[in-house]
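These protein sequences, in sequence, are chains A and B.
Under the working numbering, the first residue of the first sequence carries the number 552, and numbering increases by one thereafter.
Under the working numbering, the first residue of the second sequence carries the number 552, and numbering increases by one thereafter.
Don't be surprised by glycine CBs; every beta carbon is placed ideally from N, CA and C.
Have a look at the structure below, then the notes.
There are 2 protein chains.
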Amino acid sequence: MRIGELSRRTGVSVPTIKFYVREGLLPAGELTSPNQASYGETHVQRLRLIRALLDVGGLSVAGIRDVIVAVDDPERPVHKVLGVAANRIVPRYDRDPDAGIEEARKTVAELIAVRGWQASPDNPAGEALATALAALEDVGHGGFAEVLDAYADAAERVARADLEYVAHHVAREELVESVVVGTVLGDAIFGAMRRLAHVDASNHVFGRAT
Amino acid sequence: MRIGELSRRTGVSVPTIKFYVREGLLPAGELTSPNQASYGETHVQRLRLIRALLDVGGLSVAGIRDVIVAVDDPERPVHKVLGVAANRIVPRYDRDPDAGIEEARKTVAELIAVRGWQASPDNPAGEALATALAALEDVGHGGFAEVLDAYADAAERVARADLEYVAHHVAREELVESVVVGTVLGDAIFGAMRRLAHVDASNHVFGRAT
DNA sequence: GATAGCGGCTAGTACCACTATCCATACTTC
DNA sequence: GAAGTATGGATAGTGGTACTAGCCGCTATC
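Okay, here's the thing in structure tokens:
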């Protein structure tokens with residue numbers, strides 16, 4: 552198919568497709584003559600992935616490129632690809648290291664220890680958690696830490712379900728892609744569900760609301 | 552205190568503080584002379600809230616303004632304020648209405664019915680959920696829907712904990728602020744925990760990884 | 001053989017979150 | 001009380017991001 556049809560089938564404009572190719576998010580079409588190229592189903596799939604990661608997942612174009620380059624590199628071992636993906640997916644908050652974040656890091660380390668999680672507290676997710684907890688403390692909602700256990704229970708439940716889903720995929724590309732998709736879209740899905748559950752819970756508590 | 556000290560105490564530069572005042576995120580200091588104003592603890596608090604919402608919560612300046620204006624308007628009933636907050640907090644994905652999203656909306660409505668949630672499926676959170684599910688379908692991971700039940704269990708657990716925390720706050724401003732903070736930072740916290748739990752779970756399944 | 005579409009290119013746009021600079025005045029320090 | 005720094009208020013500019021517009025020479029298609 553040619554670029555016009557690719558555009559129609561995905562709802563992405565032709566100039567934007569060209570832009571994604573330039574940015575390395577999408578492989579160029581196969582040239583059939585000096586100025587004519589043909590695109591296939593893989594391009595349609597890739598474009599849908601890009602749009603989902605951009606619109607729903609909130610990743611940046613640069614972040615998507617890093618993930619895609621890692622996924623497409625057959626030399627790279629799976630766990631390295633997942634590492635790159637994790638680094639791009641987890642938002643990086645920069646915060647000048649003060650007393651607050653050190654305290655929060657300790658909380659995170661304790662949580663991991665109590666839960667018996669096999670995870671190092673200084674990986675990006677642990678850092679992100681510490682930053683968020685420190686921010687909570689800063690805004691005077693340190694008491695929110697009370698609910699951390701409930702969050703951890705829920706996170707374990709979700710993570711188990713995620714892994715079960717991912718376990719169905721044996722092929723490398725499928726595995727990596729489902730981890731990326733699941734992580735990014737899973738956040739959006741869980742967030743939306745949490746808000747629905749809030750509405751329900753607050754209707755129970757306050758009678759009726761929005 | 553004067554603006555310089557406010558800046559030192561919050562780590563936000565003086566020009567940026569001026570910018571927030573112009574944008575209506577932060578009330579102006581109280582003028583003590585034509586070109587001298589004094590700021591108090593409320594300004595420190597408000598600035599910390601702004602930074603947390605921006606850096607960790609990922610809200611836009613315009614979104615924060617809408618939330619803050621609603622919170623600061625004493626005329627507005629609590630449930631309306633929470634509505635505004637929900638609308639700003641939940642990211643709005645625009646997607647041309649196609650067959651996919653209709654299907655996803657049905658899934659959402661069913662989920663709500665099965666769970667017995669007192670929530671309308673056409674509120675922003677329900678729409679966001681439908682969009683995310685449709686995106687999942689688009690990228691060929693429709694099978695992910697299998698795990699929705701686990702997600703819903705977890706969301707209920709988290710929402711219950713959130714409400715318990717919020718129930719401690721009786722004063723209106725405190726109530727609204729804790730809902731906003733809890734919703735926004737809670738997403739970040741849960742996301743980070745989910746990733747930690749993934750690391751743990753995948754260590755159990757695959758032996759060891761990143 | 002007209003005309004619409006194409007690949008490849010450079011340049012431009014709109015928005016966002018600041019940042020720089022300026023001015024007249026006020027506070028601070030010597 | 002002079003010198004130097006800080007302040008409030010204003011306008012203009014910056015750098016980053018995600019596109020978008022326009023052009024050229026060529027080609028598929030009717």
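Any contact between the stretch 636-646 of chain B and the stretch 664-684 of chain B? By contact I mean 3 or more CB pairs, one from each, below 8 Å.
Taking 8 Å as the limit for Cβ pairs, the verdict is that the stretch 664-684 of chain B does touch the stretch 636-646 of chain B.
CB-CB under 7 Å to Arg-560 of chain A, same chain, minus the five flanking residues each way: which ones, in chain order?
Excluding residues within five positions, the ones whose Cβ falls inside 7 Å are Val-595.
Name the residues in the stretch 679-694 of chain B whose C-beta lies less than 8 Å from a C-beta of chain A; which are they?
Against chain A - using a Cβ distance shorter than 8 Å - the residues of the stretch 679-694 of chain B are Ala-679, Leu-680, Thr-682, Ala-683, Leu-684, Ala-686, Leu-687, Asp-689, Val-690, Gly-691, His-692 and Gly-694.
Counting only Cβ pairs nearer than 9 Å, list the residues of chain A close to Asn-674 of chain B.
Counting only Cβ-Cβ distances below 9 Å, Asn-674 of chain B has contacts in chain A at Arg-746, Leu-747, Val-750 and Thr-761, in chain order.
Can you name the start and end residues of the beta strand (DSSP E) that Ala-603 of chain B belongs to?
Judged by DSSP secondary structure, Ala-603 of chain B falls outside any beta strand (DSSP E); it is assigned neither H nor E.
Counting only Cβ pairs nearer than 8 Å, list the residues of chain B close to Arg-708 of chain A.
Within 8 Å Cβ-Cβ: Ala-701, Asp-704, Ala-705 and Arg-708.
Against chain A, which members of the stretch 720-747 of chain B pass a CB distance test of less than 9 Å?
Listed by position, the residues of the stretch 720-747 of chain B near chain A (Cβ gap below 9 Å) are Glu-728, Ser-729, Val-730, Val-732, Gly-733, Thr-734, Leu-736, Gly-737, Asp-738, Ala-739, Ile-740, Phe-741, Gly-742, Ala-743, Met-744, Arg-745, Arg-746 and Leu-747.
Assigned secondary structure, His-755 of chain A (DSSP; H/G/I helix, E/B strand, else coil)
Reduced to three states, the DSSP call for His-755 of chain A is helix.
So which of B:Leu-736, B:Met-744 and B:Leu-747 has the shortest CA-CA distance to Arg-602 of chain B?
In terms of CA proximity to Arg-602 of chain B, B:Leu-736 leads the group B:Leu-736, B:Met-744 and B:Leu-747.
Span of the alpha helix (DSSP H) holding Ala-588 of chain B?
Counting along the chain, Ala-588 of chain B falls outside any alpha helix (DSSP H), though it belongs to the beta strand (DSSP E) covering 587-589.
Quick one: is Asn-754 of chain B near chain A, going by C-beta distance under 8 Å?
So, interface residue.
Short CB-CB distance (under 8 Å) between Tyr-644 of chain A and chain B
Closer than 8 Å: yes.
Is the beta carbon of Leu-680 of chain A closer than 8 Å to that of Val-659 of chain A?
Cβ distance < 8 Å, so Val-659 of chain A and Leu-680 of chain A count as in contact.
Looking only at DSSP bridge pairs, what is Ser-564 of chain B linked to?
Looking at the DSSP assignment, Ser-564 of chain B forms no beta bridge with any residue, so it has no partner.
Check whether chain A comes within 8 Å of Ile-663 of chain B, counting only Cβ atoms and requiring the distance to be less than that.
Among the CB atoms of chain A, one or more fall inside 8 Å of the CB of Ile-663 of chain B.
In its own chain, which residues sit with a C-beta less than 6 Å from the C-beta of Thr-761 of chain A, not counting the 5 before and 5 after it?
Here Thr-761 of chain A scores only 45 on pLDDT, less than 50, and its place in the model is too uncertain to base an answer on.
When you compare each of B:Leu-605, B:Ile-619 and B:Gly-555 to Ser-589 of chain B by their alpha carbons, which one comes out closest?
Ranking B:Leu-605, B:Ile-619 and B:Gly-555 by CA distance to the CA of Ser-589 of chain B puts B:Gly-555 first.
Where Glu-626 of chain A sits in the DSSP three-state scheme
Three-state DSSP puts Glu-626 of chain A in coil, outside helix and strand.
Of all the options A:Ile-740, A:Gly-693, A:Lys-657 and A:Ala-696, which has the alpha carbon lying nearest to the alpha carbon of Leu-604 of chain A?
Ranked by Cα distance from Leu-604 of chain A, the first of A:Ile-740, A:Gly-693, A:Lys-657 and A:Ala-696 is A:Ile-740.
Quick test of your reading: Val-709 of chain B and Arg-643 of chain A, contact by CB under 8 Å. State the CB separation rounded to the nearest angstrom.
Between Arg-643 of chain A and Val-709 of chain B the Cβ distance is about 24 Å, and since that is not below 8 Å, they are no contact.
Just the Cα atoms here: how many angstroms apart are His-749 of chain B and Trp-668 of chain A?
Their backbone Cα atoms lie some 10 Å apart in a straight line.
Between Gly-562 of chain A and chain B, is the shortest Cβ-Cβ distance under 8 Å, so that the two count as touching?
Yes, Gly-562 of chain A counts as interfacial toward chain B.
Is Leu-687 of chain A helix, strand or coil by DSSP?
In the structure shown, Leu-687 of chain A sits in a helix (DSSP, three-state: H, G or I).
Which residues of the stretch 591-602 of chain A have a Cβ closer than 8 Å to any Cβ of chain B? Give them in chain order.
Cβ contacts with chain B: Gln-596, Arg-599, Leu-600 and Arg-602.
Using 8 Å as the limit for Cβ to Cβ distance, is Glu-697 of chain A near chain B?
Yes, contact with chain B.
Rounded straight-line distance, which links the Cα of Gly-575 of chain B to that of Ala-492 of chain A
Here chain A covers residues 552 to 761 and nothing more, so residue 492 of chain A does not appear.
Which residue wins for smallest C-alpha separation from Val-618 of chain B, given the options B:Val-563, B:Val-632, B:Tyr-716 and B:Asp-738?
Selected option, being the one with the closest Cα: B:Val-632.
Measure the alpha-carbon distance for Val-572 of chain A versus Arg-616 of chain A and round it to whole angstroms.
So the alpha carbons of these two residues sit roughly 10 Å apart.
For a contact meaning CB atoms closer than 7 Å, what does Gln-587 of chain A contact in chain B?
Ordered by position in chain B, no residue passes the 7 Å Cβ test against Gln-587 of chain A, which lies about 28 Å from the chain.
Here's a check: name, in chain order, each residue in its chain whose Cβ is nearer than 6 Å to the Cβ of Gly-614 of chain A, leaving out the five neighbours to either side.
Apart from the 5 residues on each side of it in sequence, Gly-614 of chain A sits with its Cβ closer than 6 Å to the Cβ of Arg-639 in its chain, given in chain order.
If you reduce the DSSP assignment to three classes, tell me which class Glu-574 of chain A lands in.
Coil.
For Asp-624 of chain B, go through chain A and note every residue whose CB falls closer than 7 Å to its CB, in chain order.
Within chain A, no residue has its beta carbon less than 7 Å from that of Asp-624 of chain B; the closest one is some 16 Å off.
Using a Cβ-Cβ cut-off of 8 Å, state whether Ala-712 of chain B counts as contacting chain A.
In terms of beta-carbon proximity, Ala-712 of chain B lines the interface with chain A, with at least one pair separated by less than 8 Å.
How is the alpha helix (DSSP H) around Leu-699 of chain A delimited, first residue to last?
In this chain, the alpha helix (DSSP H) harbouring Leu-699 of chain A covers 699-718.
Tell me where the alpha helix (DSSP H) around Leu-610 of chain A begins and ends.
It is not in any alpha helix (DSSP H) - Leu-610 of chain A carries neither H nor E in the DSSP assignment.
Would you please state the rounded distance, in angstroms, between the beta carbons of Val-629 of chain B and Val-732 of chain B? I believe it to be under 8 Å.
Contact annotation, Val-629 of chain B with Val-732 of chain B: C-beta distance approximately 16 Å; criterion of less than 8 Å not satisfied.
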